[in-house]
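> Keeping their order, the protein sequence lines are chains A and B.
Quick note on the working numbering: the first sequence kicks off at 1 and runs consecutively.
Quick note on the working numbering: the second sequence kicks off at 486 and runs consecutively.
Every residue, glycine too, gets a C-beta built ideally from N, C-alpha and C.
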Amino acid sequence: MGAREPVLDLLRETVDRAAGHCAYAEARHVHALREDLAIHDDLVDAVDADESAGLGIRVLVGGAWGFAATRDVSSAGADAALKRALAVAAAQPAAGARPLAPVMPSVGHWEGPCAIDPFAVGLEARLSHLFAAVAAMRGDARIIRAEASATMVRTRKALVTSDGTAVTHTATECGAGLEATAAAGGEIQTRTYPSSHGGNVAAAGWEHVLGLDLLAHAPRVAEEAVELLTAPELPGGRRTLILHGEQLALQLHESIGHALELDRMLLGEASYAGTSWVAPSDLDASLRYGSERLNVTADATLPGGLGTFGWDDEGVPAARTMLVENGILRAALSDRQSAAAAGLPRSGGCARAEGFARQPIVRMTNVSVEPGDAGSLADLIADTDDGLYLESNRSWSIDDRRWQFQFATEVAREIRGGELGRLYRNPSYAGITPQFWGSLDAVCGRQEWGLWGLTNCGKGEPGQIMQVSHGTAPARFRDVQVGVA
Amino acid sequence: MNGPLELSERALAFLQGEGQATVTRERSLLLRYASSAPTQATELDDTSIHLLSLRNGHVGAATTNVSTDEALRNAARRAMAAAEAAARAAAGPGDHPGLPAPPEGYRAHDGYDPVTARIDPAPGGAALQAAFDVAAEHGLEAFGAWTSGAVETALTSTAGMHAVDRVTDAYLKTILRDARGRTGWDAQSAAKVGDLDATAGARRAAAKVTPEEPTVLPPGEYPVVLDADAVGGLLEFLGSLAFNGQAHAEGRGALEGRLGTRVAAPAINLSDSPRYARTLPRAFDFEGVPKAPIPLIQDGVAHRVVHDTRSAALAGGGARSTGHAITPGGDHHGPTPTNLVLVGGGAADVAELAAPVERGIYVTRLWYLNVVHPQQTLLTGTTRDGTFLIEDGRIARPLRDVRFTDSVLRLLETTEALSATPRLTSEGEYYGRRFAWGTVAPALRAQGFRVTG
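1) Can you list, in chain order, the residues of the region 415 to 443 of chain A whose Cβ is nearer than 8 Å to any Cβ on chain B?
2) The beta strand (DSSP E) that contains V296 (chain A), what's its start and end?
3) Whole angstroms is fine: what's the gap from Q406 (chain A)'s alpha carbon to D479 (chain A)'s?
4) What are the boundary residues of the alpha helix (DSSP H) that V636 (chain B) is part of?
5) Take P699 (chain B) and list the residues in its own chain whose beta-carbon comes closer than 6 Å to its own, dropping the five residues that flank it on each side.
6) Helix or strand or just coil, what does DSSP make of G205 (chain A)?
7) Report the option in A:A158, A:G175, A:G438, A:A46 whose CA atom is closest to the CA atom of D312 (chain A).
8) Could you tell me which chain A residues have their CB closer than 7 Å to the CB of S520 (chain B), listed as they occur along the chain?
9) Assuming the contact rule is C-beta atoms closer than 8 Å, A430 (chain A) and Q481 (chain A) should be a hit. Round their C-beta distance to whole Å, please.
10) Provide the residue(s) that pair with L243 (chain A) in DSSP beta bridges, ordered along the chain.
11) Taking the alpha helix (DSSP H) that H733 (chain B) falls in, what are its first and last residues?
12) Return helix, strand or coil for D870 (chain B), following the three-state DSSP convention.
13) Using a Cβ-Cβ cutoff of less than 7 Å, which residues in the same chain neighbour V619 (chain B) once the five nearest sequence positions on both sides are dropped?
14) Name the two residues that bound the continuous beta strand (DSSP E) containing G177 (chain A).
15) From B:N550, B:S538, B:T507, B:L490, pick the residue whose C-alpha is nearest to that of A32 (chain A); which is it?
16) Roughly how many angstroms separate the alpha carbons of G438 (chain A) and D284 (chain A), rounded to a whole number?
17) In chain order, what residues of the same chain have a beta carbon less than 7 Å from the beta carbon of L486 (chain A), not counting five sequence neighbours either side?
18) Anything in chain A within Cβ reach of P696 (chain B), meaning under 7 Å, just list it in chain order.
19) What are the boundary residues of the alpha helix (DSSP H) that includes S338 (chain A)?
20) Confirm, please, whether the CB-CB distance from G545 (chain B) to A568 (chain B) is below 7 Å.
21) Going by beta carbon distance, what residues of the same chain come within less than 8 Å of P813 (chain B), once the five residues before and after it are set aside?
22) Residues in the same chain with beta-carbon distance under 6 Å from D784 (chain B), minus the five sequence neighbours each way, listed in chain order, please.
23) Quick check: the Cα distance between G372 (chain A) and A176 (chain A), rounded to an integer number of angstroms?
24) Taking 6 Å as the limit between beta carbons, can you name the residues of its chain near A259 (chain A), skipping five residues before and five after?
25) Across which residues does DSSP place P883 (chain B) in a beta bridge pair?
26) Quick check on the burial criterion: 16 or more other C-beta atoms within 10 angstroms. Buried or exposed for A664 (chain B)?
27) For G634 (chain B), count neighbouring Cβ atoms within 10 angstroms of its own Cβ and tell me buried if that reaches 16, exposed if not.
28) G717 (chain B) and H792 (chain B) - do their beta-carbons sit closer together than 7 Å?
29) With 7 Å set as the bound, which would you pick, yes or no: does the beta-carbon of A921 (chain B) sit closer than that to a beta-carbon of chain A?
30) For the region 541 to 560 of chain B, list every residue whose C-beta sits within 9 Å of some C-beta in chain A, in sequence order.
31) Of the choices A:S149, A:W65, A:V44, whose alpha-carbon is the least far from that of D580 (chain B)?
32) Distance check for Y289 (chain A) and R239 (chain A), CA to CA, integer angstroms please.
33) List the endpoints of the continuous beta strand (DSSP E) containing Q932 (chain B).
34) Taking A621 (chain B) as the reference, give the member of B:R540, B:H647, B:S520, B:W670 with the closest Cα.
35) Counting only the same chain and skipping the five closest in sequence on each side, list residues whose C-beta sits under 7 Å from that of S725 (chain B).
36) Kindly provide the ranges of any alpha helix (DSSP H) runs that are 4 or more residues long and lie completely inside the region 119 to 174 of chain A, ordered along the chain.
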């Protein structure tokens, strides 16, 4: 889809018709194609294909937003949606002025990477790929369920705003994962690869799934699930932790990413997702968020990231922003409205909407902990005299201010004298956000750094699911409370 | 534009072999507000056409929201190709026993309100203004959401299913907040928008914002009074952890080896009751199987799990679908109850429940619940928007929110008393296609609520 795509003409007409009726208007067309494959043991659980297309029209009238969405992608459909959006905005109580941070109009097309089109790979070939991995997890009678899944998505978007922006976007996302469940003696344990929430998804084609090498990891996943059945429970106490990159990604997502969403800081999400322990006034570079080892970026230009794009859903160009530098808070994640409300000169380019039927809200792009100087994971373990190495998220929960959290992982391994030792089951840890990040004393280097795609981030009313990526390398935290669950 | 039933018939005609066409039309409006001002408003009119194809026990599915013949033909082709590819790749029969035969009929329900179905923004705007006014009276700011929706579901299948159901729902959430960040909560959910009372809800929320500094409670085990919203949140999780027929048949469920035994206090009577007076009723599930009341726990004894067609076949022993398919063909994660009702007890209100407690906690609602150990029904989460210390039998003063890590079944085992009047509780979450649901729950008092942070 290019910037001269016919749908842009429809969007332009709609935005032009809105002139004189509102302070701002935007029209978006989204076409989404998705396939989800799921198998377990020798059965196909699901082969689901989903295609949707529609228009979302958003207007700002007297400080109140109105948004209407329709599947009727025609001039009449767009006109009807515009009228409904205007009516909805007008029906709300009067609101004060709601300025938007300025943006330079953009025109163009952006396309994400995709070497092997996943929709062009035969369905049987994709299922066979998963079946091979599942077969490699089976054999031990204690494995009661062996599962594999894969997801592929292609999204085409077009956006026109009354500021003069007219852009198009095409992105492909692909990912897969494994899960083995073992049971014996009244105990059930699960082990996953490469991550526990449907596998690792990236902005890429089928080549990303091939690169995960599910088949090679499958036997280990099953063996560890069985091994966990008889492993001891992790005893409570205060310990040194090394978090695997996947667990660190979720820790980062929950306790830094969401906390730095400016709409939350401004109380705009108080009714659902919650607020933040960070105040807008903390953006004056006076707040210590973590130790000097902590450097966090939001980067919408990162190749392979699920939060990568050319422009956000308000037409703001993709940017890389330093959020935390040497432990000090530098910036927040913002859209045009929250940036203006906080007195910032420009939007952080974090307005994102799920599909055509939801309006843009502040979202993470690719929020990452930058690599450190602790070398490889082996180096970091060798440098740790007494600790635990935690892998693969099992449970997560954090309060509505993103202050106090509790996580559980599938597995913990003892570290003694710089070497990995015995396995523990049902590990968990808890902490307070700035204290926890303040205890960070080592981050592995670039060679261990990678992107972890999360596809289940919920926010907004009505709910929106967003895909984000987090770059992490294994990192070490001192004096953390473990064994809390 | 044709109605959903006609569209379903037209879509089904493109399927060859065994299959089902399910059409869902959603019209909805959701208004959000924060700091006593409107913030976002989302109005939606969309229709999904889901085509399910079966081949040798394997299922393939395709969904589109485009209703042209070409789009329907393509979706049917994709669904059939998916089922055929699944059958070839699996090299053996699948686990779907075949689509259910049509029932003799469906019982009427009162879950559709033509006034609500208008999706009129005016009552929403008035509700926001009412919340703002009450907030201003108390020197507070209002946050929340108001929504109404109408969903029409039509289902036809090659097994002869030919059914349509219309439901409406409305939801209003009010959080009032003072300058220090102390909050009070109220939520109302109903099939009729006219049943929402914004002023009364805002007054209930305001009553929970008290001027005292919150007390900090150390980790430990405490007697607890859980208000209805907190109980509803816990029961939602119990529904999927304990009563999912597929997980139970595979030995992964929380009631593994416990059906027919006591799992909760004798006062606990839990059912899935789709026609209960205060619930959000539906005529049938996503396979067209009629919804009917099912006792799950009676007098503390676990009796049943719920099934869709697929999980019933897996369970064997004559098990049949109980009308709990949550997607056409049955979700691969299994079925779950959607109309849980916990019968109330004899206590007049939460004050009476708190009366015997020397030192304990009163919890308005829970937040960010997540499963720590599924078979133990062990959850963690925090309290939110109204947590209080109970002292000498009285809800005395505010507490700082706490984290808990506890088992739902353990809390039900130690339940001592329940309030007399259950009400419909809901998180009011509307991800994906609107499917409004909730749990009818009373408040209850239990022992040993495990505070972990």
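In this structure, then:
1) Cβ contacts with chain B come from N426, S428, A430.
2) 296 to 299
3) 15 Å
4) V636 (chain B) -> not in any alpha helix (DSSP H); beta strand (DSSP E) instead, spanning 626 to 642.
5) Excluding residues within five positions, the ones whose Cβ falls inside 6 Å are P883, L884, R885.
6) Residue state, collapsed to three classes: coil.
7) A:A158
8) L267
9) 5 Å
10) Its beta-bridge partners are A:L390, A:A475.
11) 730 to 734
12) Here D870 (chain B) sits in strand by DSSP.
13) T684, A687, R688, A691
14) 166 to 184
15) B:N550
16) Looking at the two C-alpha atoms, the distance is approximately 19 Å.
17) Given a span of 1 to 485 for chain A in the structure shown, any question on residue 486 (chain A) remains unanswerable.
18) Those do not exist, as P696 (chain B) stays about 20 Å from chain A at its closest Cβ, beyond 7 Å.
19) 336 to 341
20) yes
21) Answer for P813 (chain B): Q505, T507, H535, L537, A546, L640, F771, E772, listed in chain order.
22) P751
23) 28 Å
24) S276, V278, R402
25) B:F873
26) Looking at its Cβ environment, which holds fewer than 16 other Cβ atoms inside 10 Å, A664 (chain B) is exposed.
27) Using a 10 angstroms sphere on the CB of G634 (chain B), the tally of other CB atoms reaches 16 or more, which defines it as buried.
28) no
29) False, the Cβ-Cβ gap to chain A never drops below 7 Å.
30) G542, H543, V544, G545, A546, A547, T548, T549, N550, V551, S552, A556, N559, A560
31) A:V44
32) Computed Cα separation, rounded: 21 Å.
33) 929 to 936
34) Of B:R540, B:H647, B:S520, B:W670, the residue nearest in Cα terms is B:S520.
35) T821
36) 123 to 137
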